[in-house]
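Sequence order for the protein chains is A, B and C. So the working numbering is basically just the index in the first sequence, starting at one, shifted up by 1. So the working numbering is basically just the index in the second sequence, starting at one, shifted up by 1152. So the working numbering is basically just the index in the third sequence, starting at one, shifted up by 687. A virtual CB, placed ideally from N, CA and C, is assigned to each residue, including glycine.
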Amino acid sequence: MSGLAAPRPGSWRDSDLWYSFTHSPIAIGSAVVSLIFLLGAGLAPWIAPHDPFDIATLSLLDSFRHPFAGWTYPLGTDEQGRDMLSAIMYGARLSLVVGAASVLFAVGVGVGLGLVAGYAGGWVDGLLMRAADVQLTFPAILMALLVDGVVGALVPRDRHSEIQIYVIVFAIGIARWPQFARTVRGSTLVERGKDYVAAAQVIGIGRAKILFSHILPNVLGPVLVIGTLTLGLAILDEATLSFLGVGLPPTQPSLGTLIRIGDDFLFSGQWWVTVFPGLALLALVLAINLLGDWLRDALNPRLR
Amino acid sequence: MSPAPLLEVRELTVEFPTRRGILRALDQVSFAIAPGEVLGVVGESGAGKSLTGAAIIGLLQPPGRIAGGAVLLEGTRIDDLPAEALRRIRGRRIGAIFQDPLTTLNPLMTIGRQLVETIRTHLDLSAAAARARAVSWLEEVGIPAAARRIDAYPHEFSGGQRQRVVIALALCAEPQLIIADEPTTALDVSIQAQIIALLKRLAREHTTAVMLITHDMGVIAETADRVAVMYAGRIAEIGPVAEVIRAPAHPYTAGLMASIPALDRRVARLAQIEGTMPRLDAIPAGCAFHPRCPRGFDRCRQARPELMDAGATAAACWLHAHAPSAAHA
Amino acid sequence: MLVFILSRLLQAIPVLLAVGVIAFSMFRYVGDPVSGMLGQDYTDAQRTALIHRLGLDQPAYVQFGHYVWAALHGNFGYSYRIAEPVATLFATRLPATLELSITASVLSVVVGIPLGVYAGIWRRSWLSRTFMLTSLIGVSLPTFLIGILLILVFSVELGWLPSFGRGHVIQLGWWSTGFLTLSGLRALILPAITLGLFQLTLIMRLVRAEMLEVLRADYIKFARARGLRSRTIHFGHALKNTLVPVITVIGLQLGGVIAYSLVTETVFQWPGMGLLFIQSVAAADIPVMSAYLMLVGVVFVIINLVVDLLYYVVDPRLRIGRRA
């Protein structure tokens, strides 16, 4: 037998996942891009060259500076003299925060309900899955718009700005839970029939503990894949909502808001105000999607 | 082997490149099948039986590939043929039957259409003539009311009937050899006997050779003329069925025979062979079986035995090294 | 067959009911229509009188019944923002949305399926890889950005195509069509591409994935073992089996087209239902929102029903006995 390496037990460096990652230039590339965004966005308050929200530093004389014309404003400025690069960094920050929060919310609700449905079975399962199926027939963006609109009508206008970010997270999260619930419910059904669950029941371990300590770790694989892909979708959802004017308020502009603001200047020739945030959004979501795609293929037992 | 063999497999080696190195799934496998003969290929799961069949008809799943040796059909090499030439051989000269009749048939196509397209691919017949032939094949395999059922979908048949349809599909282009890969494993025991009898009868009537791959020794005993016992990608023993069963020359074969429960004896424990078949990336040097062999000695560890004359059969075992003759085909 | 249709219809009713209840709840309980109608100064007596006249003091289920009854007669109330019946507003704007959605859907299917089949069969060719990369970008681009970029290139820079409106439309009865004029068709191009691109990439990726999955199936292996030609295997066996699940997903995706027409109409100021809805959300115009919800709910239920029926027609396994 030629050239066989004996695997070291337990080391994650020897796992198929790591091997697949290090041998996939796309996975590495998109991970790097994601990291850049993460750091750029996360550290924006400290490393952004300007503060686009400090009115004192803005000057209308700086408005509509062209991009690539020097290092002060590398990507140009908008109509109020705000530096585009800084605005994009802060915008990406918001996009990522809202996207991640909505996904976490959707995961929490979806995984929780999925576990309950799969474990309890019977009418509980039927009801929950029916609700999920019905909701899945409606596009997520519509759900999010609906929730956003209803909450917007219920809450008095002066409180809108401060709670809008929570509303958006809630709306997108509610729109995206069914996919997680269905997947987890399917996996839970499979796991519930396995011997280790029966053994735990026989020993007398309580249902909640079985659910969370025993079954949950085993159903998390697909959740990770769907979660990554949903992150991209959630970021797009938020961008769409902001673009439509029903998302984050203009005082906290995400990438979507920036694109909307810049749209007005397309015809007067200041294309960079909308294109650069657009490209940033594209790069971010593309990187996340590539990672999610790679993750799905790497974790798919049938493709190995 | 007095008449010229129909199929000859010489030193066939199949490898799978993986990230842990190259796995050798078949290691210099050699045997021959005479026209009209039924050769059983038996062994545990993972021994390489199905792979041998797949390699012969050129349907190895990538990244698997033939890394050495040759496959000859009536004296001509077929393993190095271009794709189109190989395609013409499949179905027309070598047919195949697989394990699960439910997934082997396209659920969205009537069986008539699947039969007719196979017939017309290989034989130059009009649509009407092909359909007539399809009906007669269905009758031959024992489907009642064939002229009506020909337009039915696979799910409208029972499991046993589906496998009959599969057999008809494999035989309808009149091949000289059928590779039957576990044809009865997915069927009820009561149906198994019928299907095996059908296969046997058809093979005899159409002088079709059969390579019958299975892990069920009982089926082999019923049906095969000769049998090859495979272990860890190699042939451990090959010879006439009666001889291999009655007086196995290889300790592995002996262990297999001993572990089959007999109806007429009561034992406290079923006999079994110690240990398990080695993983492909951990095949022992020398004889692959020696760690589990109750009769192993030094030479078994050092050198790999070729198939050698062991009286009525040929076995890859140093116990029979006294005979000077070379590998038995 | 009849049983199948009936059972599906029965299953659709609770969904319609749920949609109706949600729409009604929004309509009746969110916001206060009464104060909007009364203006600044009013007495309690005037308020009570108005409430009674509008029937708002009757039990909830009675009001719900009136709501549904009115809806079935095409009466969805009055818009808060534009003092016109919601039904009239819908009627004027429906043709715009429908023409756009249908054009975009046809585009995405007609281009998406062949591309997906190609990418599935010849998966290693550079053309396939290019398609897949472009499709990945397509899936990562939000619809509105596609629209903006298209406008930038084709309207601003090149000046070839208009960037807003429907162009010149012709009235046929109550339907206004842009298909019959050159300016109408030109105005349709960019929005249709914008709306259809997302669906196109989705369809392409789906068809390719299904194709790859099908090509791994046992019956394909058996077909190869019988020596069938590649062309027969790909287009006779694999394609049919691929399209069956794809059809249902495409049908379900129609819902996505309707949803994302919201965005496309906003970008291109296309005077359709979507733009109307967005304006209503921004203005908290509840009657329009709830009527839109009802309408969309009914449309989706119908789409699902049709897709189910389609599945039934196409997959012979469903015709015998009941599926679990």
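Please report the straight-line C-alpha distance between residue i and residue j, rounded to a whole angstrom.
| i | j | result |
| --- | --- | --- |
| C/Y906 | B/V1317 | 13 Å |
| C/L939 | B/L1211 | 37 Å |
| B/C1469 | B/Q1454 | 12 Å |
| A/D196 | B/E1269 | 47 Å |
| A/S3 | B/G1173 | Caution applies to A/S3, whose pLDDT of 38 falls short of 50 and renders its modelled position unreliable; the model cannot decide the point. |
| B/H1480 | B/I1185 | Caution is warranted here: a pLDDT of 45 is assigned to B/H1480, below 50, making its placement in the model unreliable, and the coordinate value is therefore given only provisionally. C-alpha separation (whole angstroms): 12 Å. |
| C/H760 | C/F866 | 30 Å |
| C/S795 | A/L44 | 41 Å |
| A/I211 | A/G194 | 13 Å |
| A/A7 | B/K1352 | Note that A/A7 has pLDDT 48, beneath the 50 cutoff, so the model's placement of it is unreliable and no number is given. |
| C/L776 | C/M981 | 15 Å |
Could you work out which residues of chain C lie near residue i, taking near to mean beta carbons separated by less than 8 Å?
| i | result |
| --- | --- |
| B/H1274 | G914 |
| B/R1244 | G914 |
Between the options, which lies nearest to residue i when the distance is taken from Cα to Cα?
| i | options | result |
| --- | --- | --- |
| B/A1376 | B/I1209, B/L1164 and B/A1349 | B/A1349 |
| B/T1366 | B/V1190, B/R1176 and B/G1195 | B/G1195 |
| C/M898 | C/G923, C/R916, C/P701 and C/V968 | C/G923 |
| C/V950 | C/R873, C/V993 and C/I833 | C/I833 |
| B/A1384 | B/A1406, B/A1199 and B/R1314 | B/A1199 |
| A/V34 | A/A281, A/G150 and A/R297 | A/A281 |
| B/M1409 | B/I1397, B/R1444, B/G1427 and B/A1388 | B/I1397 |
| A/I48 | A/W19, A/A88 and A/N290 | A/A88 |
| B/V1161 | B/F1168, B/V1181, B/P1169 and B/L1175 | B/V1181 |
| C/V912 | B/R1444, B/A1399, B/M1460 and B/I1331 | In the sequence as presented, Val is not what sits at residue 912 of chain C; that position holds Ala. The shortest C-alpha separation from C/A912 is found at B/I1331. |
| C/V826 | A/A288, A/N301, A/A299 and A/D298 | A/A288 |
| A/V191 | A/F139, A/K210, A/G122 and A/L143 | A/G122 |
| A/Q81 | A/F54, A/P68 and A/A107 | A/F54 |
| B/G1128 | B/V1223, B/T1228, B/L1321 and B/R1283 | Since the first residue shown for chain B is 1153 and the last is 1481, residue 1128 of chain B is missing from the structure and cannot be characterised. |
| B/G1407 | B/I1435, B/V1362, B/M1369 and B/E1374 | B/M1369 |
Say whether chain C places a C-beta atom closer than 8 Å to the C-beta of residue i.
| i | result |
| --- | --- |
| B/E1269 | yes |
| B/T1366 | no |
| A/T290 | Sequence inspection shows Asn at residue 290 of chain A; the Thr mentioned does not correspond to that position. Taking Cβ atoms only, chain C reaches closer than 8 Å to A/N290, which makes this a yes. |
| B/G1264 | no |
| B/R1240 | yes |
| B/T1228 | no |
| A/D159 | no |
| A/I260 | yes |
| B/T1337 | no |
| A/A28 | no |
| B/D1252 | yes |
| A/G293 | no |
| A/V151 | yes |
| A/G205 | no |
| B/G1407 | no |
| A/F277 | no |
| B/L1354 | no |
Tell me the DSSP bridge mates of residue i?
| i | result |
| --- | --- |
| A/Y91 | Answer is none; A/Y91 lacks a bridge partner. |
| B/T1465 | B/A1462 |
| C/R863 | Correcting the residue type first, residue 863 of chain C is Ser in the shown sequence and not Arg. Bridge partners of C/S863: C/Q858. |
| B/F1168 | B/L1175 |
| C/F987 | In DSSP, C/F987 forms no bridge with anything. |
| B/I1390 | B/A1380 and B/A1466 |
Report yes or no: is there a C-beta of chain A within less than 8 Å of the C-beta of residue i?
| i | result |
| --- | --- |
| C/G852 | no |
| C/G761 | no |
| C/T929 | no |
| C/G707 | no |
| C/G942 | yes |
Can you name the residues of chain C whose CB is closer than 7 Å to the CB of residue i?
| i | result |
| --- | --- |
| A/L147 | L980 |
Please compile the residues from chain B whose C-beta is within a distance smaller than 9 Å of the C-beta of residue i.
| i | result |
| --- | --- |
| C/P932 | The contacting residues do not exist; C/P932 stays about 11 Å from chain B at best. |
Counting contacts by CB-CB distance shorter than 8 Å, is residue i in contact with chain B?
| i | result |
| --- | --- |
| C/A904 | yes |
| C/R811 | no |
Which residues in chain B sit within 8 Å of residue i, going by Cβ to Cβ distance?
| i | result |
| --- | --- |
| C/H924 | N1258 and M1261 |
| C/T919 | E1269 and T1273 |
Determine the chain A residues that contact residue i at a beta-carbon separation under 9 Å, and present them in chain order.
| i | result |
| --- | --- |
| C/I838 | D264, L267 and F268 |
Which chain B residues are close to residue i, counting only those with a beta carbon under 7 Å from its beta carbon?
| i | result |
| --- | --- |
| C/D995 | Ordered by position in chain B, no residue passes the 7 Å Cβ test against C/D995, which lies about 18 Å from the chain. |
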